[in-house]
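Visitor:
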Amino acid sequence: MIQLSTSRFGVLEVDEDKIINFPSGLVGLPEIKRYILIDHKDTPVKWLQAVDDPDIAFIVVSPTLIVADYDLSLDKSVKQHIQLENNDDLAVLVTMRVNDEDVIANFQGPIVINSRSKKGVQVILDNAGKTYHEVVV
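For the sequence shown, the working numbering gives the first residue as 1384, with consecutive numbering after it.
#1: Taking residue 1463 as part of the alpha helix (DSSP H), name the residues at either end of that continuous run.
#2: Verify whether the separation of the beta carbon atoms of residue 1497 and residue 1466 is less than 8 Å.
#3: Classify residue 1389 as helix, strand or coil using the three-state DSSP reduction.
#4: Between the C-alpha atoms of residue 1396 and residue 1388, what's the straight-line distance to the nearest angstrom?
#5: Using a Cβ-Cβ cut-off of 8 Å (strictly less than) and excluding sequence neighbours within five positions of residue 1391, which residues of its own chain qualify?
#6: Who are the Cβ neighbours of residue 1399 in its own chain at under 8 Å, not counting the five residues just before and after it?
Below, the structure written as structure tokens:
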């Protein structure tokens, strides 16, 4: 267990095997490579909290909760990057942000995680068909 001090959640005790490694970082944050997922109360929403920067955290959710038929085809190179051998080990998340009264999910830059190897990458889709999807709350 490690102690993690965060600006949103205070001090957390984190099991080291829960840390997700993003070898390339996330878009705009290439130097921050280690994150954990934190449940948000009793909802399907989670927080992707940086381990090495207490101020960096993103609201994330499975895209299928917003678009039921969401489907993501990953290139072989992406699967190799996160050491994905079995699609059952794949978790896909989209970041969300609040804009006035709307919540906007980023479908153009999904985060893919191999839940077995704990490796992840943010994929930038150039032909997603939609860059953002607004969610009315």
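All residues carry an ideal CB built from backbone N, CA and C; glycine is no exception.
Guide: This is what the structure holds:
#1: 1459-1464
#2: yes
#3: Of the three classes helix, strand and coil, the one that applies to residue 1389 here is strand, per DSSP.
#4: 9 Å
#5: 1430, 1432 and 1440
#6: 1384 and 1385
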